[in-house]
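J.: Heads up: the sequence lines are chains A and B, in that order. Residues in the first sequence are numbered consecutively from 1, following our numbering. Residues in the second sequence are numbered consecutively from 61, following our numbering. Backbone N, C-alpha and C define an ideal beta-carbon position, used for all residues, glycine too.
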Amino acid sequence: MNEPADLTAFAEDQLRKFGLNPSPESRAAILANLPVLFAMADQVEQALSPRAAGLPEFKL
Amino acid sequence: MSRFTSAAATAAAVRGGQIRAAGLVDMALQRIRAEDTTLNCFTAVLADQAMADARKVDDAVRLGRDPGPLAGVPFAVKNLFDIKGLTTLAGSVIEADKRAAGADAPLVARLRAAGAVLVGALNMDEYAYGFTTENSHYGPTRNPHDPARVSGGSSGGSAAAVAAGFVPLTLGSDTNGSIRVPASFCGVFGLKPTFGRLSRRGVTPFVHSLDHVGPFARSVEDLALAYDVCQGPDSQDSACANKPVERVQPQLVRGPKGLKAGVLGGWFQDTASPDARLAAATVGDALAAKRDIELKGAGAARAAAFGLTGYEGGGFHLDDLRARPQDFDPATRDRLIAGALQPEEVIARAHLYRRQFLAEAKALFEKFDVLIAPSTPFSATRLDEPMINLGGKEVLVRANAGLYTQPISFIGLPVLACPVRVGTAMPIGVQLIAAPWNEALLFRVAAFLEHEGTVGVIDPLPIREMVH
């Protein structure tokens, strides 16, 4: 699981780090978006093969 | 000449002196003035410049000079392409405060050098982050087939302007599906070339590692004409490959003989509407394609592209997100900020997965020359209905219309998006997908499908007959 146990504390830490200070409404919307992103991150992690690290850099 | 006359026929008539470019461009400008109040495709119309350029084309013809392969063809570009003398909006009000561009983007310059006449800049989702072109600053671009419906996005102005017959050619950009989604919703052709094929210089970035640019048109021949003019390396765009021009126009008559096609199943079918499934199956049947071909990990590829988009896009706009967050569309702003907050290790895994997923796709291209998938899970939705049921879940159209396009652009494969003639109430398109750098093969297949009637543009009803 990629989602932090305390999502609000994670978001506040990250917002401070980036110097962002959104309004309360914006904060609520950001917090609503984060679980979706972490669920997607879980999906990628589960699909990632151990051999991926050995593949060449992305090049077409 | 009608509003739907092709670019190829228009250029031939201008080059042959049968018609004057100035007259053609004037007609295009009149149509835009009369009808774009309904559709809202354009954010700027360059009437004086266009008329002056058209007269130069006519002068060249009169003096016996070559006016170029696109002589007198009106065109327009998504408003994230630089146009000399015009501020590049990228769908935002923040950019509106910035200085006018000092030069045309190379692709705009190449089209103009080929004799095409730039008539304006086109509406889009703010900073290209959306699939519907419901722009809160400049208004929504409406679908020419039903103005109560979205045009798709983020290049919605580009697709709708071609579908409505305002111009036969436009340019757009595609990071996650922003050419292919509006092409499907508006029922026109669109090309998302291989990542790095066309220069992105002078184009406002969204996600550097995923951004592509390409043309829209009403026929495969016109799409090929525009693409051939746009090709060529650009040493000043670090992502642009040092590839020679590989003209596709000579490929249009070759046909698909000997090519092996497959219709993608799984991720590309599970949530598809009956119309989308029918479109893919119809094209598959025309190419004697194998059904239910699996591209393993497509769902995870879409997830990785989704995360990467928010992270890179958010990072790019951090200064404005700090300084003037109130000037963003709230829906864009909050998604950009959330994306920027993702941990670095999540993004590192997305990049790693990109290698793995490309390897999966390349393995599939050892068995197939062209893969087929719906461009969108559904056709254009109503402007007043932001949600749609997909696989039993209510999801936002704005964020989810690119479910089938995102995995493909994630690994930079070339895609020719075609409107399929399946008799559905609203248009719907399919993606013809090839291995990297195989655009020519896609044009062969699309030209065949168009010739035998499987794909092709259906003209919308005149706007005045739909709006009461």
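Mark ALA485/B as exposed unless 16 or more other C-beta atoms lie within 10 angstroms of its C-beta, in which case mark it buried.
T.: exposed
J.: Quick check: the Cα distance between GLY367/B and SER66/B, rounded to an integer number of angstroms?
T.: 40 Å
J.: List the endpoints of the continuous alpha helix (DSSP H) containing ALA208/B.
T.: Run containing ALA208/B: none in the alpha helix (DSSP H); it sits in the beta strand (DSSP E), 206-210.
J.: Can you tell me whether GLN291/B is buried or exposed, with buried defined as 16 or more other CB within 10 angstroms of its CB?
T.: That one is buried.
J.: Just tell me which of SER244/B, ILE488/B, PRO275/B has its CA closest to the CA of ARG170/B.
T.: PRO275/B
J.: Am I right that ALA208/B and LEU418/B are in contact with their C-beta atoms under 8 Å? What's the rounded C-beta distance?
T.: Between LEU418/B and ALA208/B the Cβ distance is about 40 Å, and since that is not below 8 Å, they are no contact.
J.: Given HIS528/B, which residues of its chain have a CB within under 6 Å of its CB, disregarding the five upstream and five downstream residues?
T.: Bear in mind that the predicted position of HIS528/B carries a pLDDT of just 42, short of 50, making it unreliable; the figure below should be weighed with that in mind. Answer for HIS528/B: no residue qualifies.
J.: If you reduce the DSSP assignment to three classes, tell me which class ILE30/A lands in.
T.: helix
J.: Would you say PRO520/B and ALA223/B are within 8 Å of each other, going by their C-beta atoms?
T.: yes
J.: Does ALA5/A come within less than 8 Å of chain B when only Cβ atoms are used?
T.: No, ALA5/A does not count as interfacial toward chain B.
J.: Would you tell me roughly how many angstroms separate the C-alpha atoms of SER218/B and ALA28/A, rounded to the nearest one?
T.: Each residue's alpha carbon lies about 34 Å from the other.
J.: Could you tell me the distance, in whole angstroms, from the CA atom of GLY54/A to the CA atom of HIS411/B?
T.: 13 Å
J.: Between the alpha carbons of SER196/B and GLU445/B, how many angstroms are there, rounded?
T.: 16 Å
J.: Provide the residue span of the alpha helix (DSSP H) that contains GLN466/B, from first to last.
T.: 466-470
J.: Does ALA53/A come within less than 8 Å of chain B when only Cβ atoms are used?
T.: yes
J.: Do we get a CB-CB distance below 8 Å when we pair GLU12/A with the residues of chain B?
T.: no
J.: Can you tell me whether DSSP reads HIS528/B as helix, strand or coil?
T.: Any answer about HIS528/B is weak, because its pLDDT of 42 lies below 50 and its placement is not dependable; what the coordinates show is given next. If DSSP states are grouped into helix, strand and coil, HIS528/B belongs with coil.
J.: Strictly below 9 Å CB to CB, what residues from chain B border ALA9/A?
T.: In chain order: nothing, as chain B lies at least about 12 Å away.
J.: Please name the residue, chosen from THR70/B, ILE407/B, ARG91/B, that lies closest to TYR371/B on a Cα-to-Cα basis.
T.: Of the listed residues, the one whose Cα sits closest to TYR371/B is ILE407/B.
J.: The alpha helix (DSSP H) spanning HIS511/B covers which residue range?
T.: 499-511
J.: Determine, using beta carbons only, whether MET40/A comes closer than 8 Å to chain B.
T.: yes
J.: Touching or not, the stretch 259-266 of chain B and the stretch 295-302 of chain B, by the rule of three or more beta carbon pairs under 8 Å?
T.: Short answer: they touch.
J.: What would DSSP say about ASN195/B, mapped onto helix, strand or coil?
T.: strand
J.: Give the straight-line distance between the Cα atoms of PHE64/B and PHE226/B, rounded to the nearest whole angstrom.
T.: PHE64/B and PHE226/B have their alpha carbons spaced roughly 8 Å apart.
J.: Would you kindly check if the distance between the Cβ of LEU324/B and the Cβ of LEU347/B is under 8 Å?
T.: no
J.: Along the chain, where does the alpha helix (DSSP H) that runs through LEU285/B open and close?
T.: Segment 280-290, the alpha helix (DSSP H) holding LEU285/B.
J.: Within its chain, find whatever has a CB closer than 7 Å to the CB of VAL490/B; leave out the 5 residues flanking it on each side and keep chain order.
T.: ALA339, ALA340, VAL343, ILE432, ALA433, PRO434, SER435, CYS478, VAL480
J.: Does DSSP classify ILE432/B as helix, strand or coil?
T.: strand
J.: Have a look at ALA107/B and ALA136/B and give me their C-alpha separation to the nearest angstrom.
T.: Our two residues, ALA107/B and ALA136/B, have alpha carbons roughly 12 Å apart in a direct line.
J.: Span of the beta strand (DSSP E) holding ARG351/B?
T.: 350-353
J.: So with Cβ pairs under 8 Å, would you call GLN291/B a contact of chain A?
T.: no
J.: For ALA104/B, tell me which candidate among LEU89/B, VAL515/B, ARG80/B, GLY162/B has the shortest Cα-Cα distance.
T.: Selected option, being the one with the closest Cα: LEU89/B.
J.: Could you work out which residues of chain A lie near ARG462/B, taking near to mean beta carbons separated by less than 8 Å?
T.: Checking the sequence, you will find Gly at residue 462/B rather than Arg. In chain order: nothing, as chain A lies at least about 14 Å away.
J.: The alpha helix (DSSP H) spanning HIS377/B covers which residue range?
T.: Where HIS377/B is concerned, there is no enclosing alpha helix (DSSP H), given that its DSSP letter is neither H nor E.
J.: Spell out a yes or no on whether the stretch 185-195 of chain B and the stretch 494-509 of chain B are touching, meaning 3 or more CB-CB pairs, one atom from each, closer than 8 Å.
T.: Per the Cβ contact rule, the stretch 185-195 of chain B is not in contact with the stretch 494-509 of chain B (fewer than 3 Cβ pairs under 8 Å).
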